[in-house]
Structure formats: C-alpha cells, structure tokens
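Engineer:
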Amino acid sequence: MDKHLLSINDLSASEAIQILNTASELSKISDGPMKKLPTLRGRTVVNLFFEDSTRTRISFESAAKRLSADVINFSAKGSSVSKGESLKDTAQTLQAMGADAVVIRHGASGAAQRLADSGWISACVINAGDGTHEHPTQALLDAYTIRSKFPDLTENFNGLKVAIVGDILHSRVARSNVLLLTKLGAKVTLVAPPTLIPVGISNWPVEVSYDLDQAIKNVDVVMMLRVQSERMAASFFPSEREYSRGYGLDLARLNSLNSSTIVMHPGPMNRGLEISAESADSHKSVVLAQVANGVLIRMAVLYQLLGGAALTGEVSA
Amino acid sequence: MATVLDAGEIGRALKRIAHEIIEHNHGLENVVLLGIPTRGAFLGTRIANFLGEIASPVPVGTLDITLHRDDLRMRPPRPLLPTNIPLGGIEGRDVVLVDDVLFSGRTIRAALDAIGEIGRPRSVQLAVLVDRGHRELPIRADYVGKNIPTSSNESVRVHLSEIDGNDSVEITAGA
Amino acid sequence: MKYTIKNARMLDGAVVDIEIANGVIANIGNGINSGEIIDAASNLVIPGLVDLHTHLREPGREDSETVETGSAAAAKGGFTAISAMANTFPVADTAGVVEQVFRLGQEAGLCDVFPIGAVTSGLEGKKLAELGAMANSKAQVRIFSDDGKCVSDPLLMRRALEYVKTFNGIIAQHAQEPALTVGSQMNEGIVSSKLGLTGWPAVAEEAIIARDILLAEHVGSRLHICHLTTAGGVDLVRFAKSRGISVTAEVTPHHLLLTDELVANYDPVFKVNPPLRTENDVIALRKGLADGTIDIVGTDHAPHPTEDKDCEWQSAAFGMVGLETALSVVVKAMIETNLMNWEDLVDRMSIAPARIAGYSKHGQNVAKGSPANLTIIDTAATWIVDRNRLASKSKNTPFAGMTMPTQVRHTFLNGQLVLKDSQIVQKSNGGSN
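Now the structure itself:
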C-alpha cells in the first residue's frame, strides 16, 4: 500500500497481515471505555459518499474520530453533485479545503482510482466501495473477523476453506474478498447460479460451484452476499423463492455445517432471501462482530495511510 | 564507536535499579512494571526477574506509545508494537515505566498519555538504562543505570541479547 | 495553380517528378520544373487516404469538432476524402442537413467531405429517413448509416437494404444488439470480470453481423459492416464472402493496436464503441485486413470535449479521435509486423474505400491523368503523439505519448497543396464527387 487503498491488489500479503495486526493492537486499547487517540490530530478526513451507505460512513467516521482526525461528511445525494457537479469539481473543492484523506463510495466502478490517478487531488484515497468493483476495507475486516475465530491463522490463511455465496457478478465485496483470501492462502469456492457468475471467472484463482449443498460441506467459512431484488427483474433468476431454495442459507443448510464453521454477511441482510432468520441469528453467525471489527480495520488503514510522514514534508511542531 | 557499558555492567545496573525500586516504594505490593517496546520491554522483564529473586514477583507488561508520538508525521508509518497490560490493570498502582535510553523526553511524554488511556495509577515512575541528557521536556528519571554525557550528534545504541545477540551500550559519532 | 513534386518515390521504388496542373497529374517524369516546386526528398507518394467513417460533430456539437477542424485533421493525417457520419444535431436525415455538411466541407477546402445519411429518421430506428431525397441532393449521398446506434429491427434493416438498391446505395451497419449491451462499458471477459464493469459480449456484435449478412444475401443488396472488432466477426465476413454475398467490412486503427487490458486503470480515453477487445481479436483483425476479408480501415474519428472524458469511466463518452494517427497506427500494426506491404495499405486506406463509396476522384493510382489527390509520407520518420498539437478540436487520443512510425509531409487536394511540411497551408477551391 503506497499512498492509497483502492484495491486489495494495492496490498502484499504481508502488508495485509500488518493491517490485521495493527487492528489487533488497536482492539486491546479500545477494550473498555475508549478515549480518543491523538494520532491523527490536525488531519482532515473527508467521507465522500455518492451512494447512501449509513453503516459504512459511520464506521469510517467513528474510526477517524477515535484517531482525533477532523471529519467532514460530504454526501453527494441532494447536494450539488446530484445537480450535475462532476467528480472532478467535487475533488478540487475537497483539495481546496485541505483534505488529507478522502474516503470515497461511488456507484461507478473505478471512481476511486480515477480520483487517485487524475491529479485532481493530492489526498490519500480510500475506496469505500466503487460500483461492482471492490470494497477493500470490507475484505480486510472480514479477514480480521475470520482470524479472530480461527486463532491458528496468524501469518497466513493456508488450509482455510471459504465459500462465498450469491451475486458474485455484481458484488464488490466478493471481488475484494477473493483477492485477499486467496492472497493469504485460503481456498475459495464461489457459489451462485451461472447467471450471477462473471464470464471471465476462469481466470480467477477460485473454484466455482452451482450447488450450495455440495459446496458448503466441510468449509470453515460461509460468506453470504446480499442479493438485490432488482436482479430478478433482469432475469438473473426466475423468482426470489427459487433463488432462496437454491442459494439461501436456511436452517437445514445451517445444521449441515461443521461445528466450527462460521457464517458471515457484509450486511444489510435480506432475511428470508439469501439468509434465513435462524441462520442470521445463530451462534455461528459473526455478523455483529464484522460490524464492530469494521471500525478497528478502518482505524488501522487510516493509521497506515496518514500516521506517517506528511505528504508535503511538513514537520510537526 | 566506544562501548560504555558491557554485559556485566548492564546486569549490575539493572540489579541496582531493582533494589532502588524496592527501597523507594517500601516494598513491591503496589508496583507494576511497564516496558516500552522494543528494548524497554526486555529491560522491564529483566528487572522484574531481579525483583522476583530479591523480594517477590511483580506484574510486568508492555506499553506501545506509537499512536501517541508527536513526531509521527516526520517518519514513515511504523507498525504498532504490542501493548500488554498485566491482569489487575494499573488503576491505583505505582507504575514503573522502563525504557532503554532517556533523551528528549518525548517518548515518556507519549507514554504518560498512553497510560492515561488505560487508567489512573497512584504514581508513575521512570527507570532507564541510560540517561544521555539533552532533555526537551521537563521530565526526569527516578532510576538511572548510567548517566552518559553525549553531544547531540552522537547516537547511543543499546544492544540486548534477547534481540541483538549480546548485551552492550555503545556511542557512535554522528554523521 | 501548378506544382511540381520533385523526387517523389513511387510504390515501385522509382524516384520521379510529378507535375500537377488543373487538378490532375499532368505529367510524370524527370527534370520537370513547372510551377511551385515541392521537394519530396525521396519520400513516398501515394493516393490521398479515404476514410468512410468520421464524426465531424457539425451541426450541433461544434464545441468538439467542426467540419473545418475535422478537415484540417484529415489533411494532416493524409486524407483527401472523408465521410461524415449522420449522428449530428440535428441528425443528417434530410437533404437539407447533408447539403449543409457538404457545403461546409467545400468551404473549408482542406478535404472532400461526403456526408453519410441516416438510415432511420432521427436515428430512432423506427422509420426510414428520406433516403432518396438525400441521394438526389447536391451531396449525392450513397452511404447510409445510423452509426452510434444499430439498425436493430430486422424488418427495417431489410427494407433499408432493399430501398437503397434504386441508386446503388449501401447500408453501413453499426453491429450492436441493444438488448445484449444494456449498460455495457467494456469487452466482456477476463478484464471486465476483474474491473467490475458491465460486459459487452462479442456475440452482441456477431449476432447482428450474421443476421445482416443473411439479409443482404436474401435481398441481393450491398452491406457494409462498420468497425469490426471480434475474431468471430471476421469469420462471419469470411463466410459471407465465400458465399458471394455483397458485404464489405471495416476495422479501425485502434482496434488493430489496442486491447481491453488498457482499461485496467479506468482511464476513459480508452472507452470506445465498439469496445477494445482481446489480443486474440486483434490478431484475427490484423489477419483479416491482411488477407482482404476486411476491406478497409475506417478511423471512427470520434471527437469529444475534455469534460466528457475527464470523469469516471461510467459517465464518460465513447470514442477516440483518429484521423491524425490512423496512417501511423496502421503502419505500426500491419507493416512493421510484415503482415502487409505498402500496396496493401494503399488499397485498404484509399483505393478500396473510394471504390466502395464511389468517390471517383479519390483512390486512383498515381498516374498521368489521375486526379491530383495525393499525399507524400516520410516512412523513415518517427514522431511522438502530443494531444495538444492535434489539429482536431478534441484531444481524446489513446495514443498520446506513443512513438509512431511514418509522418505525413504534404497533402494535395484536387491539385491544391493543403498540407505543406506537415502544416496546413491554404484553402483550395474545393472539389466534387
């Protein structure tokens, strides 16, 4: 990771592990009533959200505030952006405001990279989800959550078996998780109806299965993805009911899992569609831990990007 | 390069510090040691071992001060080092911070802030193997292994067998 | 105005003097010194290039290109005839609009501009435009295309193919099945799966090509396939030609050189319709152009203002400028790779397009009595593409910074010198179809 976090490809395996380790250290400090750490005092972090995502924004906001950064929330919905102001103009405004880091969520794949590469802005750019491309901090928090449940995994994930189930084609969470988990040595199987599997999948370092019951035998992690109902209108599957029967994690499938297997979901969940209420609320579910770990991971990423020498070469007083 | 302390001298200095801690605190009932990683953590463990031999075992832990440093923006980001607070915490205890070299005092200033995150000790004391002077803050050590006058462009290197393979303190002329 | 081009190298290697008078090549020989002397310095003289696929944006989007700036870009690129696509505002779907574009081309006087008429009214794909009126106008339109959009309704396509037979017209199809390309952003394949950009499958192009080939056979009419990009498309055209179907095909310079791997950084300068494809497709296109399956190179010169590319990929406009780089890119893709020789290049970029379009004053061999539409090119020179030095009003070239072979030195349009030492010199008195 150089200056930005745009894709899991920006991280080597050891850099990813270092972020997980940093988050582990931060978790020791944050146990109990946590005061602000002074680490990023005087730094400005802008949350630039072109799509609604309250939970991701709050997670980044709380991470930045715990490190004493100043936080500006720039929601593009209902602002000048929805009135036709371009990404470029918005970026230049943020530059003029002195942003040190921009956390961007955008509906267009590659928007974070455009922001980083274009020269419109000198701030660090953190991708908080771009279209159907990537969501790297989600993958990092998922890896952190997995590691916390499987203490044997410290420096790599060799031997870990993960099934990622659902709308792979449109999922930025799946793309980032495939890159990170395989980089760390895990064996990943993607499970979905063929309509929701990208055409270029043969080049990914994964197995593909159309059969959920087979695929979740003897896996350590079942990661369910959100399925959006508008996919049904576009004939990716015939009906919600048929999808749920084939690819939903219901009670019977939950009971077929190994005792140590955990169930993950990036949220928000469609209970009754891709995951039943019993599965979502079972002791195997680590969904709430994922949310809590999100703040730690985002603190770790902010620390890695902003905790070092200032880009301008300025020296603290 | 000149060696100013050898292994034997380091051992004797730490043992003397252990005695002084007992004396100063009238016993060890309320004492907790916190070493500042990397080398302060090893020194903390060694002092705790001496205390165990001389008197009684004391809780010993580590305290990383990276997130509290005021010079973060002058260097590339550093990985965080372990913080391990002993069971029982530090609330109301007499905390002895342990570090290898006392120089500007900024590390100790950061350590005092870091302690503030964790609890409210009755007192905080400071033990260092070497005090080389050139303080930039009103901070002093309660226990000093050796005072070594230096010029500000010299550097003091502490080597410990746990990490460096041997015990010694060296002074190197600056560039 | 008389000129003598001294020391011009012909395709056969002979170095000669060429006398130009009254718009034609008056004489070819040695020791000629009449009129203004242009020293070709042993550079190659070839017939002026002909582009059947240019977007000039006038009327309507003069902020990105005008007929005049596009003509200047053409002259700098060695072109003496270009065909202006119909997707302007208003659409070139009436005699009035095509005559306006034709007249603007004549006034600019840097290149013959031949308007292409829309197939359907307003490019809406619903009913035929007044094809006959455009054919009989002063612009004498013979090529019709909804380029930018596909004539996807099979019945309407059949009717269009049939109708243009009355005046020996040709339908140039933008082959893109709309239902298979809703929201499409780039070639569907390995790269799109990684980038999370909506895929544009090759089959969306090939399905229309296959359908239209069969329609053209059925009604016995002429079909031209614009900007072929897939290996499967090349196979389909090869099949059609083997059946004796009257189909011609075109490839753009950028599809001969660039692949979808370039999309990886999301720079919209590589966003184009149809999209950049895979290396396998590029190889098939080169082979198809070399063996004549693909008849011509068409630039698909598509100017866009800066703001339409200076944004995120999804919001960016499709298209690349190409007139000023076309020759060099084809040399790089086809001649430097030994897939074609210079005679082949002259055929694909001048003779064949002029023949398909019926541009009788263009695409003639350099010979006594031929119209003096010529370009003189330095095949030993190299140059670096600088987007700020393009004559086109728009700067959206994907080749910026690349070192290119072959530089255009001088261009003659209907006997007038319009490009001298790679600089636009003057307006000619115009030419005609």
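Chains as they are written, first to last, in full-length UniProt numbering: chain A, 1 to 317; chain B, 1 to 175; chain C, 1 to 433.
Even for Gly, the Cβ is constructed at its ideal location relative to N, Cα and C.
Note that this is a predicted model, so its numbers are computed, not measured.
In angstroms, rounded to a whole number, what distance separates the CA positions of residue 227 of chain A and residue 280 of chain A?
Structural biologist: The sequence position of residue 227 of chain A within the first sequence is 227, counting from 1. The sequence position of residue 280 of chain A within the first sequence is 280, counting from 1. Taking the straight line from one Cα to the other gives about 15 Å.
Engineer: Is there a Cβ of chain B sitting closer than 7 Å to that of residue 39 of chain A, yes or no?
Structural biologist: Taking the first residue of the first sequence as position 1, residue 39 of chain A is located at position 39. Answer yes: the Cβ-Cβ gap between residue 39 of chain A and chain B drops below 7 Å somewhere.
Engineer: Against chain A, which members of the stretch 395-422 of chain C pass a CB distance test of less than 7 Å?
Structural biologist: Cβ contacts with chain A: none found.
Engineer: State the DSSP-derived secondary structure class of residue 3 of chain C, mapped to helix, strand or coil.
Structural biologist: Taking the first residue of the third sequence as position 1, residue 3 of chain C is located at position 3. Of the three classes helix, strand and coil, the one that applies to residue 3 of chain C here is strand, per DSSP.
Engineer: To the nearest angstrom, report how far apart residue 163 of chain C and residue 107 of chain A are at their CA atoms.
Structural biologist: Mapped onto the third sequence, residue 163 of chain C falls at position 163. Mapped onto the first sequence, residue 107 of chain A falls at position 107. So the alpha carbons of these two residues sit roughly 45 Å apart.
Engineer: Quick one: what's got a C-beta closer than 7 Å to residue 75 of chain A's C-beta in the same chain, skipping five residues either side?
Structural biologist: Here residue 75 of chain A refers to the residue found at position 75 when the first sequence is read from its first residue. Hits under 7 Å: 49.
Engineer: Kindly indicate which residue of B/98, B/36 and B/147 has the alpha-carbon position closest to the one of residue 125 of chain B.
Structural biologist: To locate residue 125 of chain B, count along the second sequence from 1; it is residue 125. It is B/98 whose Cα lies nearest to the Cα of residue 125 of chain B.
Engineer: Which residue marks the beginning of the beta strand (DSSP E) containing residue 147 of chain B, and which one marks its end?
Structural biologist: To locate residue 147 of chain B, count along the second sequence from 1; it is residue 147. Unbroken beta strand (DSSP E) run through residue 147 of chain B: 143-147.
Engineer: Is it buried or exposed, residue 416 of chain C, if we count other Cβ atoms within 10 angstroms and call 16 or more buried?
Structural biologist: Looking up residue 416 of chain C in the third sequence gives position 416. Looking at its Cβ environment, which holds 16 or more other Cβ atoms inside 10 Å, residue 416 of chain C is buried.
Engineer: Since I believe residue 146 of chain C is in contact with residue 181 of chain C (beta carbons under 8 Å), could you give me their beta-carbon distance rounded to a whole number of angstroms?
Structural biologist: Here residue 181 of chain C refers to the residue found at position 181 of the third sequence. Here residue 146 of chain C refers to the residue found at position 146 of the third sequence. That belief does not hold up - the Cβ atoms of residue 181 of chain C and residue 146 of chain C are roughly 15 Å apart, past 8 Å.
Engineer: Can you pull out the residues from the stretch 65-84 of chain B whose beta carbon lies closer than 9 Å to at least one beta carbon of chain A?
Structural biologist: Listed by position, the residues of the stretch 65-84 of chain B near chain A (Cβ gap below 9 Å) are 66, 67, 68, 69, 70, 71, 72, 73, 74, 75, 76, 77, 78, 79, 80, 81, 82, 83 and 84.
Engineer: For residue 193 of chain C and chain A, any beta-carbon pair shorter than 7 Å?
Structural biologist: Residue mapping note: residue 193 of chain C aligns to position 193 of the third sequence, counting from 1. Yes - at least one Cβ of chain A is within 7 Å of the one on residue 193 of chain C.
Engineer: Use the C-beta contact count for residue 215 of chain C: other C-beta atoms within 10 angstroms, 16 or more gives buried, fewer gives exposed.
Structural biologist: To locate residue 215 of chain C, count along the third sequence from 1; it is residue 215. Buried.
Engineer: Below 7 Å CB to CB, which residues in the same chain sit around residue 149 of chain B once its five sequence neighbours on both sides are set aside?
Structural biologist: Numbered from its first residue, the second sequence carries residue 149 of chain B at position 149. So the qualifying residues of the chain are 133.
Engineer: Under a three-way DSSP split, which group does residue 23 of chain B fall into?
Structural biologist: Residue mapping note: residue 23 of chain B aligns to position 23 of the second sequence, counting from 1. In this structure, residue 23 of chain B counts as helix in the three-state DSSP scheme.
Engineer: Considering only residues of the same chain and omitting the five flanking positions on each side of residue 59 of chain C, which have a CB-CB separation below 6 Å?
Structural biologist: Counting from one through the third sequence, the residue named residue 59 of chain C turns up at place 59. 88.
Engineer: Is the CB of residue 262 of chain C under 7 Å away from at least one CB in chain A?
Structural biologist: Here residue 262 of chain C corresponds to residue number 262 of the third sequence, with the count starting at 1. Residue 262 of chain C does not count as touching chain A.
Engineer: Cα-Cα, which of A/68, A/60, A/19 and A/88 is closest to residue 315 of chain C?
Structural biologist: Here residue 315 of chain C is taken as the residue at index 315 of the third sequence, counted from 1. If we check each option's Cα against that of residue 315 of chain C, A/88 comes out closest.
Engineer: Helix, strand or coil for residue 224 of chain C, going by three-state DSSP, please let me know.
Structural biologist: As a first step, residue 224 of chain C is located in the third sequence; it is residue number 224 there, counting from the start. Reduced to three states, the DSSP call for residue 224 of chain C is strand.
Engineer: What does residue 73 of chain A touch in chain C if you count any residue whose Cβ is under 7 Å from its own?
Structural biologist: For the purposes of this step, residue 73 of chain A is identified with residue 73 of the first sequence, where counting begins at 1. Chain C residues near residue 73 of chain A: none, gap ~21 Å exceeds 7 Å.
Engineer: For residue 16 of chain B and residue 115 of chain A, what's the separation of their Cα atoms in angstroms?
Structural biologist: Walking along the second sequence from the start, residue 16 of chain B turns up at place 16. Walking along the first sequence from the start, residue 115 of chain A turns up at place 115. Cα-Cα distance, rounded: 59 Å.
Engineer: In the DSSP assignment, the alpha helix (DSSP H) including residue 299 of chain A goes from what residue to what residue?
Structural biologist: Counting from one through the first sequence, the residue named residue 299 of chain A turns up at place 299. 287-306 is the span of the alpha helix (DSSP H), which, as asked, contains residue 299 of chain A.
Engineer: Below 8 Å on the Cβ atoms is my contact criterion, and I expect residue 373 of chain C with residue 318 of chain C to pass it. Report the Cβ-Cβ distance as a whole number of Å.
Structural biologist: Here residue 373 of chain C corresponds to residue number 373 of the third sequence, with the count starting at 1. Here residue 318 of chain C corresponds to residue number 318 of the third sequence, with the count starting at 1. About 31 Å separates the two Cβ atoms, so there is no contact after all.
Engineer: Return the chain-ordered ranges of every beta strand (DSSP E) run that is complete within the UniProt domain "Phosphoribosyltransferase" (4-153) of chain B and spans a minimum of 3 residues.
Structural biologist: Counting only runs of 3 or more, we get 31-35, 60-62, 94-102, 123-131 and 143-147.
Engineer: Taking only three categories from DSSP, how would you classify residue 428 of chain C?
Structural biologist: As a first step, residue 428 of chain C is located in the third sequence; it is residue number 428 there, counting from the start. Here the model assigns residue 428 of chain C a pLDDT of 47, short of 50, so the residue's position is not dependable, and the following value carries that caveat. Coil, per DSSP.
Engineer: Short of 6 Å in beta carbon distance, which residues of its chain neighbour residue 407 of chain C, apart from the five on each side in sequence? Order them along the chain.
Structural biologist: One-based indexing of the third sequence puts residue 407 of chain C at position 407. Cβ within range, chain order: 378, 381 and 383.
Engineer: Check the Cβ of residue 132 of chain A against every Cβ in chain B and list those closer than 8 Å, keeping chain order.
Structural biologist: Working through the first sequence from its first residue, we reach residue 132 of chain A at position 132. The premise fails here: residue 132 of chain A is roughly 31 Å from chain B at the closest Cβ pair, so nothing lies under 8 Å.
Engineer: If you pair each beta-carbon of the stretch 29-41 of chain C with each one of the stretch 61-78 of chain C, do three or more pairs fall below 8 Å?
Structural biologist: No, the stretch 29-41 of chain C is not in contact with the stretch 61-78 of chain C.
Engineer: Within the 7 Å Cβ cut-off, does residue 150 of chain C reach chain A?
Structural biologist: As a position in the third sequence, residue 150 of chain C is number 150, starting the count at 1. Residue 150 of chain C does not count as touching chain A.
Engineer: For residue 98 of chain A, go through chain B and note every residue whose CB falls closer than 7 Å to its CB, in chain order.
Structural biologist: As a first step, residue 98 of chain A must be located in the first sequence, where it is residue number 98. Under the 7 Å cutoff, chain B gives no residues; its nearest Cβ is about 15 Å from residue 98 of chain A.
Engineer: Grab me the residues of residue 11 of chain A's own chain with a C-beta within less than 6 Å of its C-beta, minus the 5 sequence neighbours each way, in chain order.
Structural biologist: Counted from its first residue, the first sequence places residue 11 of chain A at position 11. Only 1 meet the Cβ criterion.
Engineer: Determine, using beta carbons only, whether residue 276 of chain C comes closer than 7 Å to chain A.
Structural biologist: Against the third sequence, residue 276 of chain C aligns to sequence position 276. Answer no: the Cβ-Cβ gap between residue 276 of chain C and chain A never drops below 7 Å.
Engineer: According to the neighbour-count rule (16 or more other Cβ atoms, all chains shown, within 10 Å of its Cβ), is residue 100 of chain B buried or exposed?
Structural biologist: For the purposes of this step, residue 100 of chain B is taken as the residue at position 100 of the second sequence. It counts as buried.
Engineer: What residues in its chain sit with their C-beta under 7 Å from that of residue 309 of chain C, if we drop five residues either side in the sequence?
Structural biologist: In the third sequence, counting from the first residue as 1, residue 309 of chain C sits at position 309. Closer than 7 Å at Cβ, skipping near neighbours: 268, 269, 316, 317 and 396.
Engineer: On a CA-only basis, which of C/376, C/402 and C/424 is nearest residue 43 of chain C? Give me that one, please.
Structural biologist: Position 43 of the third sequence, counting from 1, holds the residue named residue 43 of chain C. If we check each option's Cα against that of residue 43 of chain C, C/376 comes out closest.
Engineer: Would you kindly report the start and end of the unbroken alpha helix (DSSP H) that includes residue 230 of chain C?
Structural biologist: Working through the third sequence from its first residue, we reach residue 230 of chain C at position 230. Element bounds for residue 230 of chain C: n/a, residue is neither H nor E.
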